[in-house]
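The block underneath contains the structure these notes are about, expressed in structure tokens.
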Amino acid sequence: MKGTNLGEFEELLLLIVLILEDQAYVLKIQEEIRNQVQRDTSMGALHASLTRLEEKGFLSSEMTGATAERGGRRKRIYQLSSDGKIVLNQVRTQRESLWQQAPKFSLDTYGTI
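Following full-length UniProt numbering, the residues of the sequence shown are numbered contiguously, the last one being 113.
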């Protein structure tokens, strides 16, 4: 796998694509990020990051046929590649391992975020 290090936003995008399955197109991804993590993301940032994840081999995409509901425009649907699934699993395993090693804490001790 090429460039297996994932940034936080890249990991978030891969997870959102995984969640959305066959509905993983840019507008829906943007909406899901807003709903799930209360984060506004520009179209430019989304397109650049999705392209980078495709170049790394973690995503693939294909254009759908034109539809009347989209004014005759097509949309690009993204899906996780097998390398994308592997890297997400690696990140999850690494995070879970770190959390298991971390001492327990409460928000009373550290305050709220």
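All C-beta atoms in this analysis are idealised placements derived from N, C-alpha and C, irrespective of residue type, glycine included.
According to the DSSP assignment, R76 belongs to the beta strand (DSSP E) that extends over 76-80. Beyond the five residues adjoining it in sequence on each side, R34 comes within less than 8 Å, by CB distance, of D40, T41 in the same chain, given in chain order. A Cβ-Cβ separation of about 12 Å leaves L15 out of contact with L53 under the 8 Å criterion. Approximately 39 Å separates the beta-carbon atoms of S106 and Y78; this is outside 8 Å, ruling out the contact. Residue burial annotation: E10 is buried, with at least 16 other C-beta atoms found within 10 angstroms of its C-beta. The three-state secondary structure of L59, taken from DSSP, is strand. Straight across, the Cα-Cα distance linking L27 with S49 is about 14 Å.
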